[in-house]
Structure formats: structure tokens, C-alpha cells
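Residue numbers (our numbering), protein chains in the order written: chain G, 1 to 157; chain Y, 1001 to 1157.
The beta-carbon is built from N, C-alpha and C at its ideal position, and this holds for glycine as well.
Below: the structure, in C-alpha cells.
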DNA sequence: CATGCTTGTAAAGCTCCTTTACTCGAATGG
DNA sequence: CCATTCGAGTAAAGGAGCTTTACAAGCATG
């Protein structure tokens, strides 16, 4: 496994992955902001997706986001103040509270989803990248490294 | 540009990019830590690469890292205390100081570089991903979005 | 019914960054 | 020759977003 001394001057795979992720995420985020959500970060959209149609408790949310339940609680506090989620009585009782989305959050989910699809189509056109192929290879990589359920997506730096 | 209602249940490209980046970076980071650098984060390796053979001023480093010069200065302080860099007199004079790597940092660069190459080779074997193809597609994407010199790689969340 | 488990919350602290504000050294221009 | 200006570096405070520590509330289980 010696190192190839005259390999092409392509940047490292890791670097390319990071740049691609950052560039696409930034573009996505800007579009969502321009669509009327300048103060929602990716983690908020992620939260909306996790809560989805059925809602979840703060602790479940914490586990899915990969943060402490306190951090999730603070996130829910913030989103509740801004009218994106509600804490309702949990059917299973106990101290549990079911955090559910408001219509405002559902609208955001729709808009963000559309933006994501539009963006991916545009990327293929603008850059000439074969996005289905890219997806397939990335899926292989992710699946091979993390199995069927990947860990929470966290800021990595 | 209507949305495909029965598209395959593949995760979004953006999500796949994020997961792939996180998984590979985490694995890389763990290997570097295991090789004797448990307290060097990716940003430190990035700094070493930027300083490279010729060094740079804190302000240049700040620009390359995409942070304020104060943040870069704090980073240099830390690395200096730990023996990875030195502030030397700058040939151009002025208040400038040239930040240069010590041998310890150069050793780290070598080891991290080897780890990165080994990791990429292993990824291809373990996951069956076509890494050259992946590189090529990612390069297209990145180049198409950011041109010849991509912006600094920052934590994105 | 005491114990323990899980959820939720409160408060403090930590890390890494920015903002604000300043100093130092050199170049520029009258 | 000196005043101005300009860029590099630094110092201090503050903030965003998390964790750690600690505790209270509700339920299950022996």
C-alpha cells in the first residue's frame, strides 16, 4: 500500500466531499432563506422532518439529532416561540409531551422539499454532474460505512 | 418543474453528501487520533496544510480558513503552546510575523496524509464504491459551483 | 409502598467564534 | 520631516450553541 508519488493533482476525496456538501448546503440554505425563512437553519428543517406527521418527544428528537435532551429542549423552546411547533399532551401520559408541527412548519417542509428537488435538477444541468450516478456511489459509501441506519448528521468540524 | 411523486426512496443527494462527508471525516479523525494526535481537530490539519513549507501570516491564515484574524490568532496561540508552530520574524518586516511549522507539525502532516490515502483505498475495498469515479463527479460538481478556487471549508450546520 | 427508571427542566459552564477597540510599525505625501 | 494613514497583530468582552450537573415529576416494578 505504498503511496502513488505521481498521482493526478486532484484534491482529496475527503476534501471534495466536504466542499460539495458545503456548497450544495449553502445554496439550499440561501434559497430557503430567500423563500421567506431567513432565520431557519438546516437543523430546523431536520427537526421538522423528524417530527413529521406524528410528532415526537423531546428525548426522541434529541436521540435523532444526536444532541442532549436539554439541547433538544432548547431547540423546541425556540421553535415554539416562533410558532413552528407545539407541545401537546402525550397519549402515553407520564411526563411526556408530544412535540408536533404547526401548519407554518408544514409549509416550510413543502417549500424546502421543492427547493431541494429543484436544486438537484439544476446542479445536474449547470455542472454536468451525473447526479443519479453520484447518488448511487454515495449511497454505497454511506451504506458500506454505516449500515442501514446512519448516525445523526452533525456539524463535524 | 413538478415534483416526481413516485421517485425511488433514495435519500436526498444533499443528505448523502453530508453523511458521506461526516462518516469519512470521522473515520479519518479517529485514525489520526489513534496515531498519537487525540487533540488535533481537522481544522488543525487544515492549518498545517495552509502554512505548508513556506508559512504564512496570521491574517493570510485567517483568510484561507474563512475566519477573523482574531480567531486565527487564537488558533496560532494554541498551536504555538503545543509546539506545532512558531512565530518568526517576517522577511517583509513591519508588524508581520511569519507563522511556520515545527518538525512536530510536519510529522503530523505526513502521518495524516498517509492515513488519508490508506483510508480512501480501504473505502473502495470495503464499500465497493468506485472512488475515482466518485472523485470525478464530485470535482465536476464543486468546480461547476465554485469555479477554480473554492471558498474556505467551514463547519456548515 | 419504596425504589428505580425515564422524561422534562433549570442553571451553570465551556468552546469557539465574532465584535469592538486598541497598539505597533511602516509607507505615503505634503 | 512630520502627520496621516494603512495593515498586521492583540486584548477584552460577548454571544451562539452546545454540555454537564442537578433536580423534580410521573409511572412501573419489586
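Residues of its chain near residue 1002 of chain Y, where Cβ-Cβ distance is below 6 Å and the 5 sequence neighbours each way are ignored: Taking the first residue of the second chain as 1, we reach residue 1002 of chain Y at position 2. Note that residue 1002 of chain Y scores a pLDDT of 49, beneath 50, so its modelled location is shaky; the value from the coordinates is reported in the next line. If we look at residue 1002 of chain Y and ignore the five residues flanking it on each side, it has no Cβ neighbours.
Three-state class that DSSP yields for residue 71 of chain G in the structure shown: Taking the first residue of the first chain as position 1, residue 71 of chain G is located at position 71. In this structure, residue 71 of chain G counts as helix in the three-state DSSP scheme.
Same chain, Cβ closer than 7 Å to residue 102 of chain G, neighbours up to 5 away in sequence not counted: Residue numbering aside, residue 102 of chain G sits at position 102 when the first chain is read from its first letter. Around residue 102 of chain G: 83, 84, 85 and 86.
Opposing strand residues paired with residue 56 of chain G [DSSP bridges]: As a position in the first chain, residue 56 of chain G is number 56, starting the count at 1. Its beta-bridge partners are G/99.
Contacting residues, own chain, Cβ-Cβ under 8 Å from residue 1007 of chain Y (five flanking each side not counted): Here residue 1007 of chain Y is taken as the residue at index 7 of the second chain, counted from 1. Confidence is the limiting factor: at residue 1007 of chain Y the pLDDT is only 49, short of 50, which leaves the residue's position unreliable, though a coordinate-based value still follows. The answer is none, since no qualifying residue turns up.
Straight-line Cα distance separating residue 152 of chain G from residue 130 of chain G: Locating residue 130 of chain G in the first chain gives position 130, where the first residue counts as 1. Locating residue 152 of chain G in the first chain gives position 152, where the first residue counts as 1. Computed Cα separation, rounded: 27 Å.
Those residues which DSSP pairs with residue 971 of chain Y across a bridge: Residue 971 of chain Y is absent from the model: chain Y starts at 1001 and stops at 1157.
Coarse secondary structure for residue 1036 of chain Y, derived from DSSP in three states: For the purposes of this step, residue 1036 of chain Y is identified with residue 36 of the second chain, where counting begins at 1. Correct three-state label for residue 1036 of chain Y: coil.
Rounded distance between the beta-carbons of residue 1046 of chain Y and residue 1017 of chain Y, thought under 8 Å: If you number the second chain from 1, residue 1017 of chain Y lands on position 17. If you number the second chain from 1, residue 1046 of chain Y lands on position 46. Between residue 1046 of chain Y and residue 1017 of chain Y the Cβ distance is about 19 Å, and since that is not below 8 Å, they are no contact.
Per-residue DSSP class, three states only, for residue 107 of chain G: Here residue 107 of chain G corresponds to residue number 107 of the first chain, with the count starting at 1. Three-state result, residue 107 of chain G: helix.
Interface flag, residue 68 of chain G vs chain Y, CB-CB below 8 Å: The sequence position of residue 68 of chain G within the first chain is 68, counting from 1. It does not: the Cβ of residue 68 of chain G has no partner Cβ on chain Y nearer than 8 Å.
Nearest-angstrom Cα separation, counted from residue 1035 of chain Y out to residue 1112 of chain Y: Along the second chain, one-based indexing puts residue 1112 of chain Y at 112. Along the second chain, one-based indexing puts residue 1035 of chain Y at 35. Spanning the two alpha carbons is a distance of roughly 9 Å.
Any C-beta of chain Y under 8 Å from that of residue 148 of chain G: To locate residue 148 of chain G, count along the first chain from 1; it is residue 148. False, the Cβ-Cβ gap to chain Y never drops below 8 Å.
CB contact check: residue 64 of chain G to chain Y, cutoff 8 Å: Looking up residue 64 of chain G in the first chain gives position 64. Residue 64 of chain G does not count as touching chain Y.
Min CB distance residue 1020 of chain Y to chain G below 8 Å: Here residue 1020 of chain Y refers to the residue found at position 20 of the second chain. For residue 1020 of chain Y, the answer is yes, since a Cβ of chain G falls inside 8 Å of its Cβ.
Integer-rounded CB distance, given that residue 1057 of chain Y should sit under 8 Å from residue 1096 of chain Y: Position 96 of the second chain, counting from 1, holds the residue named residue 1096 of chain Y. Position 57 of the second chain, counting from 1, holds the residue named residue 1057 of chain Y. Contact holds; Cβ gap of about 5 Å.
Three-way DSSP call (helix, strand, coil) for residue 82 of chain G in this model: Against the first chain, residue 82 of chain G aligns to sequence position 82. Residue 82 of chain G: coil per DSSP, three-state reduction.
Length of the line joining the Cα atoms of residue 10 of chain G and residue 98 of chain G: Taking the first chain and counting its residues from 1, one reaches residue 10 of chain G at position 10. Taking the first chain and counting its residues from 1, one reaches residue 98 of chain G at position 98. Computed Cα separation, rounded: 49 Å.
Closer than 8 Å at the beta carbon, the chain G residues around residue 1047 of chain Y: Here residue 1047 of chain Y refers to the residue found at position 47 when the second chain is read from its first residue. Those within 8 Å of residue 1047 of chain Y in chain G number zero; the least Cβ separation is about 12 Å.
Test item: CB-CB of residue 1141 of chain Y and residue 123 of chain G under 8 Å: As a working mapping, residue 1141 of chain Y is identified with position 141 in the second chain. As a working mapping, residue 123 of chain G is identified with position 123 in the first chain. Yes. Within cutoff.
Residue 1147 of chain Y versus G/13, G/12 and G/20, residue with shortest Cα-Cα distance: Residue numbering aside, residue 1147 of chain Y sits at position 147 when the second chain is read from its first letter. Per the Cα distances, G/20.
Cross-chain neighbours of residue 107 of chain G in chain Y, by beta carbon under 8 Å: Here residue 107 of chain G is taken as the residue at index 107 of the first chain, counted from 1. Neighbours of residue 107 of chain G on chain Y: none; closest Cβ ~15 Å, over 8 Å.
Chain-ordered chain Y contacts of residue 130 of chain G [CB-CB under 7 Å]: Here residue 130 of chain G is taken as the residue at index 130 of the first chain, counted from 1. Neighbours of residue 130 of chain G on chain Y, chain order: 1137.
Burial state of residue 115 of chain G, where buried means 16 or more other Cβ atoms lie within 10 Å: Mapped onto the first chain, residue 115 of chain G falls at position 115. Residue 115 of chain G should be labelled buried.
Residue 61 of chain G versus residue 118 of chain G: straight-line alpha-carbon distance, rounded: Taking the first residue of the first chain as 1, we reach residue 61 of chain G at position 61. Taking the first residue of the first chain as 1, we reach residue 118 of chain G at position 118. Distance between the alpha carbons of residue 61 of chain G and residue 118 of chain G: 28 Å.
Helix, strand or coil at residue 1156 of chain Y according to DSSP, with G and I counted as helix: Walking along the second chain from the start, residue 1156 of chain Y turns up at place 156. Residue state, collapsed to three classes: coil.
Min CB distance residue 57 of chain G to chain Y below 8 Å: Along the first chain, one-based indexing puts residue 57 of chain G at 57. Not one chain Y Cβ lies under 8 Å of residue 57 of chain G.
Residue 89 of chain G to residue 1013 of chain Y span [Cα, whole Å]: Within the first chain, the letter at position 89 stands for residue 89 of chain G. Within the second chain, the letter at position 13 stands for residue 1013 of chain Y. One C-alpha to the other measures close to 36 Å.
Residue 1127 of chain Y vs residue 144 of chain G beta-carbon contact at 8 Å: Numbered from its first residue, the second chain carries residue 1127 of chain Y at position 127. Numbered from its first residue, the first chain carries residue 144 of chain G at position 144. In contact: residue 1127 of chain Y and residue 144 of chain G (Cβ atoms closer than 8 Å).
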